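Novice:
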Amino acid sequence: MKPIEIFKALSNESRLQILHWLKEPERHFVPHEGIDMRKTGVCVSQITEQLKMTQSTASQYLNILLRAGLIKTERIGKYTYYKRDEEAIKNIAAILEQEI
Numbered sequence: 001m002k003p004i005e006i007f008k009a010l011s012n013e014s015r016l017q018i019l020h021w022l023k024e025p026e027r028h029f030v031p032h033e034g035i036d037m038r039k040t041g042v043c044v045s046q047i048t049e050q051l052k053m054t055q056s057t058a059s060q061y062l063n064i065l066l067r068a069g070l071i072k073t074e075r076i077g078k079y080t081y082y083k084r085d086e087e088a089i090k091n092i093a094a095i096l097e098q099e100i
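60 is the number that full-length UniProt numbering gives to position 60 of the sequence shown; each next residue is one higher, with no gaps.
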């Protein structure tokens, strides 16, 4: 996880909002049948709808967060689910302390 990638990912209000929503997905999304959002994550189509943006833009934002190591993905059938990487998020404070 490169610090510059983390800072870039966090420098956009919509990407920060995605991370906020994924912290407590059950408060912001309706789960797909049989999906535990805390364990599996949230489908890109649900995130797109919540952002009120195109799927292309939402996917770009999610890829930036993924490259920064802030989220993880899981593919189930035709759906890709996104969830926070809590361990990586905890490590951000240590990275900040080292880099700044």
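Quick reminder that beta carbons are idealized off the backbone N, C-alpha and C, glycines included. Every value quoted in this text rests on a predicted model; they were computed, and no experiment measured them.
1) On the premise that Gly41 lies in contact with Tyr82, defined as a C-beta separation below 8 Å, what is that separation, rounded to the nearest angstrom?
2) Taking its Cβ as the centre, do 16 or more other Cβ atoms sit within 10 Å of Ile18, making it buried, or is it exposed?
3) Do Ala58 and Ile47 have their C-beta atoms within less than 8 Å of each other?
4) DSSP puts Val42 in a beta bridge; with which residues?
5) Give me the Cα-Cα distance between Leu62 and Asn91, rounded to the nearest whole angstrom.
Specialist: For this structure:
1) For the purposes of this step, residue 82 is identified with residue 82 of the sequence shown, where counting begins at 1. For the purposes of this step, residue 41 is identified with residue 41 of the sequence shown, where counting begins at 1. The pair is a contact, with the Cβ atoms about 5 Å apart (cut-off 8 Å).
2) Locating residue 18 in the sequence shown gives position 18, where the first residue counts as 1. Counting C-beta atoms within 10 angstroms of its own C-beta, Ile18 has 16 or more neighbours from the protein chains shown and is therefore classed as buried.
3) Within the sequence shown, residue 58 is the residue found at index 58, counting from 1. Within the sequence shown, residue 47 is the residue found at index 47, counting from 1. With a cutoff of 8 Å on beta-carbon distance, Ala58 and Ile47 are scored as near each other.
4) On the sequence shown, residue 42 is found 42 positions in, with the first residue counted as 1. Within the DSSP bridge table, the entry for Val42 names Tyr82 as partners.
5) Within the sequence shown, residue 62 is the residue found at index 62, counting from 1. Within the sequence shown, residue 91 is the residue found at index 91, counting from 1. Between Leu62 and Asn91, the C-alpha separation is close to 19 Å.
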